[in-house]
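Scroll down for the structure; my scribbles are underneath it.
Protein chains: 2
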Amino acid sequence: MARVTTEMRGRRTQEQRSSEMRRRILDATVLCLQEYGYGGTTTVRVVELAGVTRGALTHHFASKADMVAAAVSHIAAIRTADVLSKLEQTMAADDPVDAGLDLLWAVHQGPLFVAVVELWVAARTDRDLQRRVAAIERDTTSMVMDIAKSLFGADADNTAIPRAVYTAMDAVRGIQLTRIATPDLTDEHEARWRRAKADLRIVFENALAPQRPPTP
Amino acid sequence: MARVTTEMRGRRTQEQRSSEMRRRILDATVLCLQEYGYGGTTTVRVVELAGVTRGALTHHFASKADMVAAAVSHIAAIRTADVLSKLEQTMAADDPVDAGLDLLWAVHQGPLFVAVVELWVAARTDRDLQRRVAAIERDTTSMVMDIAKSLFGADADNTAIPRAVYTAMDAVRGIQLTRIATPDLTDEHEARWRRAKADLRIVFENALAPQRPPTP
DNA sequence: AGACTTACCGACATCGTTGACGGTTTCTAC
DNA sequence: GTAGAAACCGTCAACGATGTCGGTAAGTCT
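Shown next, in the form of structure tokens:
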């Protein structure tokens, strides 16, 4: 079974010990969400994956709900950092639409987004979790919109651009949701994205074109 | 607490008793998925909602997994019937694109689709469930494509049409996924769909237009 | 160095969930 | 009607998960 490897021996300050332990546990929580889903995420499994004791966990997180809530923020931080790291080369691309769509796809990719979906679905029947998730979601959306604005120019009147961004984001998420249900068909989902991308290019070209009523 | 109301007293044949009991249990299972999510769907809750005993449940379904598996098919059947019931007036509509998109939206609406998502996500970490879900998903997709074909004409060469349908379906699912995570913002999601629909119309118009390379 | 605080440990009690099973009722075949 | 099958009932045992809690180790202040 995989372990969250993080060693740093010798004398450490309380702050170091504390934050490293929290990080270890939260990383393990995310791993657990990916591997076993929300329902299969138990404190025992997390502790095993993190290679720590149950006592350590209960010391840092009063309850399981606490731990999961912290994991939400933890994931959000990682994803934000991921986006920022990829942003530079996106901004420098020749074709902003293509680069932007690729970025959007990349952000919704990989095991981290799987964990996000697990949390979203779990949040549906858990008000506390829901509040946290909703707050994060707001931030994410506004970040996406800010990026779009700087990619395509801040033409404040043109509401077609945020609209296209929303549609693109929704399409990406829809594909990923389907992928979650049927993970065996990876190539098919890749192809599905390529096709969707072609459609979304049309939408963006239309949105970026000089104002002209799209539906007369 | 809501009950699945189904009374039919007097002498009944074994077949009647059996199938009615199964239906009651499966309806309650779906209700449970909606109300409490997959993780919160326990045999005790199902039994309470159905107003039957635990013994009845274990008699008809050897295990909980059996019950859930049966619920998958049950949901699929209901949804298919729902689509067919709405199909007639969709086919008769003046604007096939508009009517088709509305149908797609309607099919992914309501508590039933919520249950579907719960099962999709649960299936990710449960191979048996995954197989069942994947099979159903295949059927659903082909049904959607068949309907699209009869709505927009069977121009076999024009791959842009199925592509547009996929994109539309993915966008719808993306919106619904977001809605699941943040159920308080219903109006916002409605608006999001209206905007997405505008974009999707563009995609469909482009797909239906006489062959003309969309990206030169 | 000594007092104090924080980090960490591991066992225990409790609770909810599931599957099994022996007994009862309802239907069906003859 | 009567035997047998199917449907249904409700309790029990086993298991896994969570939170609590008394105790130990590591660090921090004076």
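For the record, the sequence lines run as chains A and B. Note that the numbering used here has the first sequence beginning at 28, numbered continuously upward. Note that the numbering used here has the second sequence beginning at 28, numbered continuously upward. For glycine and all other residues, C-beta sits at the position ideal for the given N, C-alpha and C. Since this is a predicted model, take the numbers as computed values, not measurements.
Short of 7 Å from the beta carbon of A119(A), and not among the five residues preceding or following it, lies no beta carbon of its own chain. Listed along chain A are V148, L204, each with a C-beta nearer than 8 Å to that of V144(B). With respect to the C-alpha of D93(B), the residue from T152(B), G78(B), T56(B), D125(B) having the closest C-alpha is T56(B). The DSSP assignment places 187 to 208 as complete runs of the alpha helix (DSSP H) inside the segment 182 to 208 of chain A, in order along the chain (cut-off: 4 residues). According to the DSSP assignment, S90(B) belongs to no alpha helix (DSSP H), since it is labelled neither H nor E. Here V148(B) carries a helix assignment [DSSP, helix/strand/coil].
Setting aside the 5 residues that flank it on each side, I102(B) is surrounded in the same chain by V57, L139, A142, V143, each with a C-beta closer than 7 Å to its C-beta; the list follows chain order. The criterion of a C-beta distance shorter than 8 Å is satisfied by D197(B) and A198(A).
For the 8 Å CB-CB criterion, A96(B) and L156(B) form a contact.
In this structure, A133(A) is the residue among A89(A), S169(A), A133(A) with its C-alpha nearest to the C-alpha of D109(A). At least one CB of chain B lies nearer than 8 Å to the CB of D226(A).
In this structure, the straight-line span from the alpha carbon of I207(B) to that of P210(A) is close to 21 Å.
In this model, V160(A) and A149(A) are separated by some 10 Å (Cα to Cα). Under a criterion of Cβ atoms nearer than 9 Å, no residue of chain B is adjacent to A77(A); the nearest Cβ is some 19 Å distant. The alpha-carbon of T69(B) is positioned some 25 Å away from that of R158(A). G201(B) has a beta carbon lying within less than 8 Å of a beta carbon in chain A. Between the segment 116 to 131 of chain A and the segment 175 to 182 of chain A, the count of C-beta pairs closer than 8 Å reaches three or more; the two stretches touch. L60(A) is a Cβ neighbour of E145(A), given a cutoff of 8 Å. Listed in chain order, the positions of the segment 152 to 169 of chain B with a beta carbon within less than 8 Å of a beta carbon of chain A are T152, Q157, V160, A161, E164. Taking M172(B) as the centre and dropping the five residues before and after it, the same chain places the C-beta of P189, V192 closer than 8 Å to its C-beta, in chain order.
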